[in-house]
Amino acid sequence: MSAARIDQTLCAAIASGVLPATATRPAQEARPWPVVLLTGLGAWFAAIPLLGVVGMLLGDLISRSAGPYIIGVLVLAAAVVVLRARDVVLFVEQLAVPALLVGGGSLGFGLFRDLPSQAAAAVLAIVAVGLAMAIERPWLRVLLGAAAAMLASVACLPERWLGFDRGGLTRVWFALHGVLALWLAAGWLRGHRLNDGPRGRVAAALESIGAGWLLATLAGLAWWSGMSFLVGGTLGAGMAADIARELGARSASPWHVAVLRGVSLLLALVAAGWLARRWPALRAPWCAGVAAVLLALAGFMPALGGVLLALALCAAGARWRLAAAAALAAAWIIGSFYYQLAWPLSTKSLVLVTSGAVLGALAWFAPRDKAAGVAAPAPRPGTGSVAIAFSALAVLAVANIGIWQKEDLIAHGQPVYVELAPADPRSLMQGDFMRLNFRVPGGVMHTLDGTRIIERPRVVARRDARGVATLLRLDDGSPIAADELRVELTPKDGRWILVSDAWFFAEGDARRWERAKFGEFRVGADGRALLVGLRGADLQAL
């Protein structure tokens, strides 16, 4: 925060009676951030071997009954004393940060060893909040608040809920919303019971702790929703997408899903009402239309309502960074709707396209809405239109070049068939796609495992009279035989695959593709390949 904003806030606090008339602006930190960063790195590098030596010397004590508690409390107390000191050397101050991790880790080791997981997590969450209250470092309070939120979410889960059993994801949803409710309660307490001079320090501490708490909660709700649209195609859907598929396909019962969606819709409705109450300008008809679209989306997406409520509260309180984080989480959750297999593709497409069309229409007609009382600024001629036209042409050019390349490969590429290998039975059929696994020599995968190269590797395959190819070896650039060809591999989830590991099809056609034994490819002279279909055991079309 700039000095001018601090002075303005100070004057407002004195005028409202929150601070006494003699209050002054605190002295600014005189340490340049590059110096703090470099010193902190040096402290971490010095602390790692030191902690290793201490761990070896105290190994027996840590394993005993009271050892983790004694070491944890002593280390945490020493770290708090150092961080609360005013004239401590910067290097020593930075050493206290890894000491917090060591003390918390030692204490956590003892608690999780002697108590049930949920009770140990609850105690550690309370310890994290207590440390944050004692340490007058806003950034550390944010980190400790985030850690406390994660521990509190675990504390809300009984032991049997920690696994992804039937209905377990529903309980995870309730745990995350319980953590969100604690953030709401802390915000009410800060604004209505601690908003005075004597308890201003407590309110300030809760503000920083609440920021970290909310960020962790938003991240948890986004994680619960699964991998977002396009990100999954770039980075791989991974565990989060599997969670979303499990939730949609078989995990939660219908009444569980109805409750989740109903609560999400209610929270979104509260968010809309709160913003309309705080900002009268948002009571315009076009704003009501935007709210209706978001309410509809919240009814489809159980994690969206809580995020929208957090967004509304942060925006109304001028906490713009937290509001931006909530908006990012909301966008992520809306994008994850793409992976929810509980809904048919046609329904998902209709929901998203309709929402986008309605929002676009509202954005187009909003400046013409006289009820809003705000006149639209006159557009600057020339620059915007040219930029939009250029962007549209660039998008069309890139898309059509890609389409032309694939159509040319399909028309002129060599037809090649590669045998399918058994895939994980739990992932063979998942709604609207089939998980594929082609027979690739183990030596090739072992050579390429974890490697990062600029050019995509290629494998050499031998094709028989039927066109069935057997992958032989990694291409090293040496000449190949007449019945051999090169096929390019594709990176996916940190490994190399043959073009694709999934085959997407129309819903309801699962039985048709269950008989697939071969993948049908078109391979160009340069090794580029494209999966165009699946074939049966006798290469018959399915």
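Residue numbering for the sequence shown follows my numbering, beginning at 3 and increasing consecutively. The beta-carbon is built from N, C-alpha and C at its ideal position, and this holds for glycine as well. Note that this is a predicted model, so its numbers are computed, not measured.
- Between which two residues does the beta strand (DSSP E) containing Arg497 stretch? For this step, residue 497 is matched to residue 495 along the sequence shown. Per DSSP, Arg497 belongs to the beta strand (DSSP E) from 497 to 499.
- Rounded C-alpha distance that separates Val174 from Val99: Taking the first residue of the sequence shown as position 1, residue 174 is located at position 172. Taking the first residue of the sequence shown as position 1, residue 99 is located at position 97. Rounded to whole angstroms, Val174 to Val99 spans 31 Å at the Cα level.
- Message: So, does the region 144 to 162 touch the region 283 to 290, judging by three or more C-beta pairs under 8 Å?
- Response: At 8 Å Cβ cutoff, the stretches do not touch.
- Please report the Cβ distance between Glu490 and Arg464, rounded to the nearest whole angstrom; I am assuming they are in contact, meaning their Cβ atoms lie under 8 Å. If you number the sequence shown from 1, residue 490 lands on position 488. If you number the sequence shown from 1, residue 464 lands on position 462. Taking a contact as a CB-CB distance under 8 Å, the pair Glu490 and Arg464 does not count as one, their CB atoms being some 17 Å apart.
- Query: Mind checking Ile336: buried by the 16 CB within 10 Å criterion, or exposed?
  - Reply: Counted from its first residue, the sequence shown places residue 336 at position 334. Flag for Ile336 reads buried.
- Message: Let's see if you can read the secondary structure: which residues bound the beta strand (DSSP E) around Tyr71?
- Response: Counting from one through the sequence shown, the residue named residue 71 turns up at place 69. Element bounds for Tyr71: not the beta strand (DSSP E) but the alpha helix (DSSP H), 69 to 86.
- Task: Jot down the residue ranges of each uninterrupted beta strand (DSSP E) in the region 128 to 192, minimum 3 residues, whole runs only, in chain order.
- Result: Whole beta strand (DSSP E) segments, 3+ residues: zero.
- Task: Give the straight-line distance between the Cα atoms of Trp366 and Pro118, rounded to the nearest whole angstrom.
- Result: Against the sequence shown, residue 366 aligns to sequence position 364. Against the sequence shown, residue 118 aligns to sequence position 116. Pro118 has its alpha-carbon roughly 56 Å from the corresponding atom of Trp366.
- Message: Please state the DSSP three-state secondary structure of Ala242.
- Response: Sequence index remark: in the sequence shown, residue 242 carries index 240 (1-based). Here the model assigns Ala242 a pLDDT of 43, short of 50, so the residue's position is not dependable, and the following value carries that caveat. It is helical.
- Query: Can you tell me the Cα-Cα spacing of Gly469 and Val525, whole angstroms?
  - Reply: Start at 1 with the first residue of the sequence shown, and residue 469 comes out as number 467. Start at 1 with the first residue of the sequence shown, and residue 525 comes out as number 523. In a straight line, the C-alpha of Gly469 is about 12 Å away from that of Val525.
- Task: Measure the C-alpha to C-alpha separation of Val418 and Glu522 and round it to an integer number of angstroms.
- Result: Along the sequence shown, one-based indexing puts residue 418 at 416. Along the sequence shown, one-based indexing puts residue 522 at 520. Val418 and Glu522 have their C-alpha atoms spaced approximately 6 Å apart.
- Task: Using 10 angstroms around the beta-carbon of Ala17, count the other beta-carbons present and answer buried if the total reaches 16, otherwise exposed.
- Result: Position 15 of the sequence shown holds residue 17. Around the C-beta of Ala17, fewer than 16 other C-beta atoms lie within 10 Å, and the residue is accordingly described as exposed.
- Decide yes or no for the touch test of the region 214 to 228 against the region 321 to 332: beta carbon pairs closer than 8 Å, at least 3 of them. The region 214 to 228 vs the region 321 to 332: in contact.
- Item | Beta-carbon proximity check, Ser502 vs Leu438, cutoff 8 Å | The residue given as residue 502 occupies position 500 in the sequence shown. The residue given as residue 438 occupies position 436 in the sequence shown. The Cβ-Cβ distance between Ser502 and Leu438 falls below 8 Å.
- Please confirm if the region 74 to 91 is in contact with the region 130 to 150, defined as three or more CB-CB distances below 8 Å between the two stretches. Contact between the region 74 to 91 and the region 130 to 150 is present: three or more C-beta pairs spanning the two stretches fall below 8 Å.
- Query: Would you call Ile73 buried or exposed, if buried means 16 or more other Cβ atoms sit within 10 Å of its Cβ?
  - Reply: Numbered from its first residue, the sequence shown carries residue 73 at position 71. Buried, since its Cβ has 16 or more Cβ neighbours within 10 Å.
- Message: Let me check one thing: in DSSP terms, what residues is Tyr419 bridge-paired to?
- Response: The sequence position of residue 419 within the sequence shown is 417, counting from 1. The secondary-structure analysis by DSSP pairs Tyr419 across a beta bridge with Val470, Glu522.
- Which partner residues of Arg488 appear in the DSSP bridge assignment? Taking the sequence shown and counting its residues from 1, one reaches residue 488 at position 486. In the DSSP assignment, the residues bridged to Arg488 are Val462.
- Is it right to say Thr26 is buried, meaning 16 or more other beta carbons lie within 10 angstroms of its own, or is it exposed? Here residue 26 corresponds to residue number 24 of the sequence shown, with the count starting at 1. In summary, Thr26 is exposed, with fewer than 16 beta-carbon neighbours lying within 10 Å of its beta-carbon over all protein chains present.
- Query: Of all the options Glu409, Met303, Ala148, Thr349, which has the alpha carbon lying nearest to the alpha carbon of Ser230?
  - Reply: Stepping through the sequence shown from its first residue, residue 230 is reached at position 228. Nearest C-alpha to Ser230: Met303.
- Query: Between Leu178 and Glu516, what straight-line distance do the alpha-carbon atoms span, to the nearest angstrom?
  - Reply: If you number the sequence shown from 1, residue 178 lands on position 176. If you number the sequence shown from 1, residue 516 lands on position 514. Computed Cα separation, rounded: 38 Å.
- Would you tell me roughly how many angstroms separate the C-alpha atoms of Ala293 and Ala274, rounded to the nearest one? Locating residue 293 in the sequence shown gives position 291, where the first residue counts as 1. Locating residue 274 in the sequence shown gives position 272, where the first residue counts as 1. So the alpha carbons of these two residues sit roughly 6 Å apart.
- Do Ala314 and Leu284 have their C-beta atoms closer together than 8 Å? Numbered from its first residue, the sequence shown carries residue 314 at position 312. Numbered from its first residue, the sequence shown carries residue 284 at position 282. Their beta carbons are not under 8 Å apart, which means Ala314 does not touch Leu284 by this criterion.
- Message: According to DSSP, simplified to helix, strand and coil, what is Gln493?
- Response: As a position in the sequence shown, residue 493 is number 491, starting the count at 1. According to the sequence provided, residue 493 is Pro. The question's Gln does not apply to it. Strand at Pro493.
- Query: Cα separation between Val144 and Ala123?
  - Reply: Along the sequence shown, one-based indexing puts residue 144 at 142. Along the sequence shown, one-based indexing puts residue 123 at 121. Looking at the two C-alpha atoms, the distance is approximately 18 Å.
- Message: Spatial neighbours of Ala325 within its chain, please: C-beta separation below 7 Å, excluding the five flanking residues on both sides.
- Response: Position 323 of the sequence shown, counting from 1, holds the residue named residue 325. Here the set comprises Leu313, Cys316, Ala317.
- For Glu95, count neighbouring C-beta atoms within 10 Å of its own C-beta (all shown protein chains included) and say buried if the count is 16 or more, exposed if not. For the purposes of this step, residue 95 is taken as the residue at position 93 of the sequence shown. Flag for Glu95 reads buried.
- Query: Considering Leu536, what are the terminal residues of the beta strand (DSSP E) in which it resides?
  - Reply: To locate residue 536, count along the sequence shown from 1; it is residue 534. 531 to 537 is the span of the beta strand (DSSP E), which, as asked, contains Leu536.
- Query: For Val181, which residues of its own chain have a beta-carbon under 6 Å away from its beta-carbon, when the five flanking residues on both sides are left out?
  - Reply: Reading the sequence shown from its first residue, position 179 is the one you call residue 181. Closer than 6 Å at the Cβ level, and outside the excluded window around Val181, lie Ala151, Ala154, Ser155, Thr219.
- Task: Answer with buried or exposed for Trp46, where buried requires no fewer than 16 other C-beta atoms within 10 angstroms of its C-beta.
- Result: Numbered from its first residue, the sequence shown carries residue 46 at position 44. By the Cβ neighbour-count rule, Trp46 is exposed, with fewer than 16 other Cβ atoms within 10 Å of its own.
- Query: How many angstroms separate the CA atom of Tyr340 from the CA atom of Leu422?
  - Reply: To locate residue 340, count along the sequence shown from 1; it is residue 338. To locate residue 422, count along the sequence shown from 1; it is residue 420. Rounded to whole angstroms, Tyr340 to Leu422 spans 27 Å at the Cα level.
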